[in-house]
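Novice: Take a look at the following structure, please.
Numbering (UniProt numbering), first residue to last: 1 to 247.
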């Protein structure tokens with residue numbers, strides 16, 4: 001499976017686990033269901049987001065079998081779909097599988113937390129480091145997903161109630177499972193009125209911290225935003241300015 005996933009995804013992946021109640025699930029029954037692909041971590045350090053094709057990749061587990069759908073991006077821009085079927089057993093947090101088509105055997109570690117499934121394999125020539133494929137349980141969402149409205153701005157030592165400002169109150173974030181779209185409006189001190197900016201980019205949740213992705217779809221070290229107040233507020237920090245959003 002590693003070879004199939006790696007060849008289908010690493011070459012085409014353009015590549016942040018959930019906040020809230022800590023829900024660690026490690027028994028095989030928790031695997032049951034369908035999971036959609038979110039991200040890939042290579043050698044425990046480099047994080048990549050799914051591209052437009054890989055976003056449709058998924059793995060579906062029954063009691064004794066699982067099916068892996070790998071969707072990869074071709075050089076002509078089209079998506080290629082490849083389905084493999086396996087039988088499997090578990091020992092602790094290890095899945096031992098057999099490919100039904102060619103009887104190839106393999107194993108992978110699995111961990112489940114807050115509806116996020118991680119499947120890990122040893123990285124090639126990496127001295128014990130791992131490559132980890134991250135999936136989210138289908139029909140569940142990261143707590144950041146939704147539309148958030150700007151409520152408060154802290155800048156230059158003062159606090160602004162965005163709901164009372166004709167410009168700031170127009171600001172919002174729209175977050176889906178892969179992208180964050182920002183509409184920001186602020187007073188234009190030179191011409192008057194509001195200056196409005198729109199921006200869309202990909203994001204990734206890594207251990208409860210949310211990062212943005214660069215043009216190569218590799219996660220940057222810059223934190224894009226964070227959930228605070230028990231997941232009820234998004235905080236965005238830009239240099240010495242802080243912006244607070246609520247649904």
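Glycine included, every Cβ here is placed at the ideal spot set by N, Cα and C.
From a predicted model like this one, the values you see are computed outputs, not experimental measurements.
Just to confirm, is the Cβ distance from residue 162 to residue 153 under 8 Å?
Specialist: For the purposes of this step, residue 162 is taken as residue 162 along the chain shown, with counting starting at 1. For the purposes of this step, residue 153 is taken as residue 153 along the chain shown, with counting starting at 1. Against a cut-off of 8 Å, the Cβ pair of residue 153 and residue 162 comes out as a contact.
Novice: Can you find at least 3 beta carbon pairs, one from the segment 228-237 and one from the segment 61-69, that sit closer than 8 Å?
Specialist: no
Novice: Report the three-state DSSP secondary structure of residue 54 (helix, strand or coil).
Specialist: For the purposes of this step, residue 54 is taken as the residue at position 54 of the chain shown. If DSSP states are grouped into helix, strand and coil, residue 54 belongs with the helices.
Novice: Residue 87 and residue 265 - do their beta-carbons sit closer together than 8 Å?
Specialist: Here the chain has residues from 1 to 247 only, and residue 265 is not among them.
Novice: How would you label residue 78, buried or exposed, when you count the other beta carbons within 10 angstroms and need 16 or more for buried?
Specialist: The residue you call residue 78 lines up with position 78 of the chain shown. Under this definition residue 78 is an exposed residue.
Novice: Alpha carbon to alpha carbon, how far is residue 136 from residue 149? Give it in angstroms, no decimals.
Specialist: One-based indexing of the chain shown puts residue 149 at position 149. One-based indexing of the chain shown puts residue 136 at position 136. Taking the straight line from one Cα to the other gives about 26 Å.
Novice: Please report the straight-line C-alpha distance between residue 98 and residue 104, rounded to a whole angstrom.
Specialist: On the chain shown, residue 98 is found 98 positions in, with the first residue counted as 1. On the chain shown, residue 104 is found 104 positions in, with the first residue counted as 1. Cα-Cα distance, rounded: 6 Å.
Novice: Enumerate, from N- to C-terminal direction, the unbroken beta strand (DSSP E) stretches of 3 or more residues contained entirely within the segment 83-138.
Specialist: 94-99, 105-113, 116-122 and 130-137
Novice: Does DSSP put residue 179 in a helix, in a strand, or in coil?
Specialist: On the chain shown, residue 179 is found 179 positions in, with the first residue counted as 1. It is a strand residue.
Novice: Under the DSSP definition of a beta bridge, which residues are partnered with residue 40?
Specialist: Sequence index remark: in the chain shown, residue 40 carries index 40 (1-based). Looking at the DSSP assignment, residue 40 forms a beta bridge with 48 and 133.
Novice: By DSSP, does residue 22 sit in helix, in strand, or in coil?
Specialist: Taking the first residue of the chain shown as 1, we reach residue 22 at position 22. Because the pLDDT at residue 22 is just 46, under 50, the model does not fix this residue reliably, and the value given afterwards should be weighed accordingly. In this structure, residue 22 counts as coil in the three-state DSSP scheme.
Novice: Using the C-alpha atoms, what's the distance from residue 207 back to residue 120?
Specialist: Here residue 120 refers to the residue found at position 120 of the chain shown. Here residue 207 refers to the residue found at position 207 of the chain shown. Looking at the backbone, the Cα of residue 120 and that of residue 207 are separated by about 16 Å.
Novice: State the DSSP-derived secondary structure class of residue 246, mapped to helix, strand or coil.
Specialist: Position 246 of the chain shown holds residue 246. It is a strand residue.
Novice: How many Å lie between residue 125 and residue 41 at the Cα?
Specialist: Residue mapping note: residue 125 aligns to position 125 of the chain shown, counting from 1. Residue mapping note: residue 41 aligns to position 41 of the chain shown, counting from 1. Going from the Cα of residue 125 to the Cα of residue 41 covers about 15 Å.
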